[in-house]
Amino acid sequence: MPTLKYLPQYPPALVQQAQTLFDSGELGPLLRDKYPDRHDVQTDKALYQFVSELKQRYLKHAPLPAKVLYDNQQHPLKGTLGTNTAISRVQGGRLKSKNEIRIASLFRELPLPFLQMIAVHELAHLKVRDHDKAFYQLCQHMLPNYHQLEFDLRLWLNWREHHAD
Numbered sequence: 001m002p003t004l005k006y007l008p009q010y011p012p013a014l015v016q017q018a019q020t021l022f023d024s025g026e027l028g029p030l031l032r033d034k035y036p037d038r039h040d041v042q043t044d045k046a047l048y049q050f051v052s053e054l055k056q057r058y059l060k061h062a063p064l065p066a067k068v069l070y071d072n073q074q075h076p077l078k079g080t081l082g083t084n085t086a087i088s089r090v091q092g093g094r095l096k097s098k099n100e101i102r103i104a105s106l107f108r109e110l111p112l113p114f115l116q117m118i119a120v121h122e123l124a125h126l127k128v129r130d131h132d133k134a135f136y137q138l139c140q141h142m143l144p145n146y147h148q149l150e151f152d153l154r155l156w157l158n159w160r161e162h163h164a165d
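Residue numbers (the UniProt record's numbering): 1 to 165.
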């Protein structure tokens, strides 16, 4: 019986429910029914546009990231699905700062709600660096079902790891 390793911080009763669905083979079909469609955001250019639109809608005064791209180096086993980095350089006598968002390439094949969830997560880091209460409130503001999507993504990652087609 495989353990659901992407759910360690969730309550044991919830993890047990998920484990039961996983063991019975119902988890995959349940997730496919809940999230049936893939999305068309397949290129780095399309991803940049997608993230820019979310940023403009919810974080008008935050700086626009210089780059937004899919990254093959981001992987859940390494503990990352996306990153938001700030790069600072001295140009002349001034300090210039650029933000860069990288999202794991596996999000190309996932349903749109999961891509929205990770994009919102990385955009929230433009305003709040730490994963604290204010950070998750901002994520919830931008995507009201953020917590459910994060949980479902973790379920999907567990299912995918053991039932990759």
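A virtual CB, placed ideally from N, CA and C, is assigned to each residue, including glycine. In this text, all values refer to a predicted model and were calculated from it rather than measured experimentally.
Discussion item. Restricting to Cα atoms, I'd like to know which of R94, K60, R102 is closest to T80.
Written reply: The sequence position of residue 80 within the sequence shown is 80, counting from 1. Ranking the options by Cα distance to T80, first place goes to R102.
Discussion item. For D71, report the span of its alpha helix (DSSP H) as first-last.
Written reply: As a working note, residue 71 is residue 71 in the sequence shown. Counted as a single uninterrupted DSSP element, the stretch harbouring D71 is not any alpha helix (DSSP H) but the beta strand (DSSP E) occupying residues 67-71.
Worksheet item: L138 and V51: beta carbons closer than 8 Å?
Response: Locating residue 138 in the sequence shown gives position 138, counting from the first residue. Locating residue 51 in the sequence shown gives position 51, counting from the first residue. Not a contact, by the Cβ cut-off of 8 Å.
Discussion item. Does R57 come out as helix, strand or coil in the three-state DSSP assignment?
Written reply: As a first step, residue 57 must be located in the sequence shown, where it is residue number 57. Secondary structure of R57 (DSSP, three-state): helix.
Fill in: Status (buried if at least 16 other CB within 10 Å, exposed otherwise) for G82
To locate residue 82, count along the sequence shown from 1; it is residue 82. G82 comes out buried.
Item to complete: Tell me where the beta strand (DSSP E) around E150 begins and ends.
Response: Working through the sequence shown from its first residue, we reach residue 150 at position 150. Where E150 is concerned, there is no enclosing beta strand (DSSP E), although the alpha helix (DSSP H) it sits in stretches over 146-163.
Worksheet item: Out of Y58, A104, G28, V15, which has the shortest C-alpha to C-alpha gap to W159?
Response: Indexing the sequence shown from 1 puts residue 159 at position 159. For W159, the nearest C-alpha among the options comes from G28.
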